[in-house]
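J.: One structure follows; several queries about it will come next.
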Amino acid sequence: MKTPWRIEVAPAGTVATQVEQEIFMVPKENRINLLHKILSDNHGSVLIFSRTKHGAKKIAGFVRGMGHSAVEIHSNRSLAQRQEALAGFKNGKYRVLVATDIAARGIDVTGISLVINYDLPNNPDDYVHRIGRTARAGATGKAVSFAGSDEKLVIKQIERLIKKTITISALPALTATRIVSRDIPGMRHGEQARSTRTFQRAGRNPRRRRTN
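Residue numbers (the working numbering): 818 to 1029.
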């Protein structure tokens, strides 16, 4: 009798220990400014998730307007367009890929250093699938999520699933982001992202929740 193979499957809700997880509580009107800062402060390939195809298209336009190479995949894109987008993301033509959950099924790209949840998913399982795109094959990675004040229950559901408390970080000082708007639907050339609000008070250290 041949020696049998033993195959172990990770239980549902399992997240790689190499993924650093972080949440920012930020209203929707200020997320573009925060996104701009995060993209400026981090290097490498970035995968951004949007809950809707309209949002994915708009976010990709904003990112291109910031000067980053970006492409989006969603249900309105043809198979050929999705394949071109994925190929371009893999070979470095595009630094940023913006995707919806459905369109992202089956994405297998190594070397993604950062996953950004521009919107939290409706299903906690989708959160696990999203952040599983980084920290593959023993590499380290980071997952940053944007959440509204009305999504605390969603955060709790995610934490219950992954059996871990996610760090909630204080927002950094944000300034309005000037966008080159040729790729952004409904936005006039030279128009700025609306918010100029600054969130971090001078002299106050960011408060962070402990992780398990």
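All C-beta atoms, glycine included, are put in the ideal place defined by N, C-alpha and C.
Going by alpha carbons, who is nearest to V990 out of V971, V836, Q835, R848?
T.: It should be pointed out that residue 990 corresponds to Ala in this sequence rather than to Val. Considering only alpha carbons, the answer is R848.
J.: Just how far apart, CA to CA, sit I876 and L851?
T.: Computed Cα separation, rounded: 12 Å.
J.: Quick check: the Cα distance between H1006 and F879, rounded to an integer number of angstroms?
T.: Note that H1006 has pLDDT 41, beneath the 50 cutoff, so the model's placement of it is unreliable and the number below is only indicative. Near 12 Å, if we compare the C-alpha coordinates of F879 and H1006.
J.: Please report how far the alpha carbon of G955 lies from the alpha carbon of I948, in whole angstroms.
T.: Cα to Cα, G955 sits roughly 14 Å from I948.
J.: If you draw a straight line from the C-alpha of Q898 to the C-alpha of I975, how long is it?
T.: Rounded to the nearest angstrom, the two C-alpha atoms are 32 Å apart.
J.: Measuring straight from C-alpha to C-alpha, what distance separates N940 and I972?
T.: Taking the straight line joining both Cα atoms gives about 11 Å.
J.: Where T994 and H885 are concerned, what is the direct C-alpha to C-alpha distance, given to the nearest angstrom?
T.: For T994 and H885, the distance between alpha carbons rounds to 13 Å.
J.: For G1007, which three-state DSSP category applies?
T.: Reliability of the predicted coordinates at G1007 is poor, the pLDDT of 43 falling under 50, and the value obtained from them is presented with this limitation in mind. G1007: coil per DSSP, three-state reduction.
J.: How about I865 and V926: are their beta carbons less than 7 Å apart?
T.: No, these two residues do not count as a Cβ contact at 7 Å.
J.: Measuring only the C-alpha atoms, how far is E839 from I983?
T.: Answer to the nearest angstrom: the Cα atoms are 6 Å apart.
J.: Give the range of the alpha helix (DSSP H) segment to which N934 is assigned.
T.: That residue, N934, is in no alpha helix (DSSP H); its beta strand (DSSP E) goes 929 to 934.
J.: Taking DSSP as the reference, what is the three-state secondary structure of G949?
T.: G949 falls in the coil class under three-state DSSP.
J.: I need the DSSP call for K980, collapsed to helix, strand or coil.
T.: Three-state DSSP puts K980 in coil, outside helix and strand.
J.: Given this structure, state the Cα-to-Cα distance separating L772 from I855, to the nearest angstrom.
T.: No answer is possible for residue 772: it lies beyond the span of the chain, which begins at 818 and ends at 1029.
J.: Please report the distance separating the alpha-carbon of H860 from that of K959.
T.: Each residue's alpha carbon lies about 12 Å from the other.
J.: Please identify the residue among L988, K980, V863 whose C-alpha is closest to the C-alpha of I929.
T.: Of L988, K980, V863, the residue nearest in Cα terms is V863.
J.: Using the rule of at least 16 other Cβ atoms within 10 Å of the residue's Cβ for burial, across every protein chain shown, is R881 buried or exposed?
T.: Buried, since its Cβ has 16 or more Cβ neighbours within 10 Å.
J.: DSSP on Q835, reduced to helix/strand/coil?
T.: If DSSP states are grouped into helix, strand and coil, Q835 belongs with coil.
J.: In terms of alpha-carbon separation, which member of K980, T992, E889, T917 lies closest to P938?
T.: Looking at the Cα atoms, T917 is the closest of the given residues.
J.: What is the DSSP secondary structure of V863, reduced to helix, strand or coil?
T.: Strand, per DSSP.
J.: Given H853, which residues of its chain have a CB within under 6 Å of its CB, disregarding the five upstream and five downstream residues?
T.: Closer than 6 Å at Cβ, skipping near neighbours: M883, T994.
J.: Based on the DSSP output, what are the partners of I985 in its beta bridges?
T.: DSSP, once it has assigned bridges, lists I840 as partnering I985.
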